[in-house]
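Below is one structure, written out as structure tokens; comments come after it.
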Amino acid sequence: MADLVVKDLKDLVSDLNELISQFEGALDFQNDDKGLWGQHNANLSMGDFADNWTVHRDAMVKDMKSLRDKVTKIDDAWSQGEQQLMDTFQNG
720 MADLVVKDLK
730 DLVSDLNELI
740 SQFEGALDFQ
750 NDDKGLWGQH
760 NANLSMGDFA
770 DNWTVHRDAM
780 VKDMKSLRDK
790 VTKIDDAWSQ
800 GEQQLMDTFQ
810 NG
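Each residue of the sequence shown is one higher than the one before, starting from 720 at the first, in this note's numbering.
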């Protein structure tokens with residue numbers, strides 16, 4: 720069962736890294752649809768949404784990085800504990 724937990728933690732870190740990459744990369748195309756919404760008010764509203772979303776996206780990226788770092792520390796501690804336990808059984 721322990722191997723499953725460690726694998727799940729590694730998968731979670733990998734998934735978080737992918738999400739962070741996607742969220743950070745979203746800035747590259749945030750204004751690609753500028754002016755495509757037909758009506759002037761719709762274009763302004765979509766531009767406002769994109770600008771506001773940047774603030775929220777940045778906060779989400781910060782939180783995801785924090786979670787990723789914490790999960791990485793947990794995974795490292797788990798692996799060290801597992802290695803120490805294995806060493807104890809092999810040497811004792």
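Note that CB positions come from ideal geometry on N, CA and C, so glycine has one too.
Can you tell which of the options has its C-alpha closest to the C-alpha of residue i?
| i | options | result |
| --- | --- | --- |
| R776 | L786, L735, I739 | I739 |
| V780 | G766, Q802, A745, L728 | A745 |
Could you name the residues of the same chain whose beta carbon sits closer than 7 Å to that of residue i, not counting the 5 residues immediately before and after it, in chain order?
| i | result |
| --- | --- |
| D794 | V725, L728, K729, V732 |
Which same chain residues, not among the five before or five after residue i, have their C-beta less than 8 Å away from its C-beta?
| i | result |
| --- | --- |
| N736 | R787 |
| M783 | L735, L738, I739, F742 |
| V790 | L728, L731, V732, L735 |
Which parts of the segment 734-802 are runs of the beta strand (DSSP E), unbroken and 3 residues or longer, counting only runs that do not cross its ends?
none
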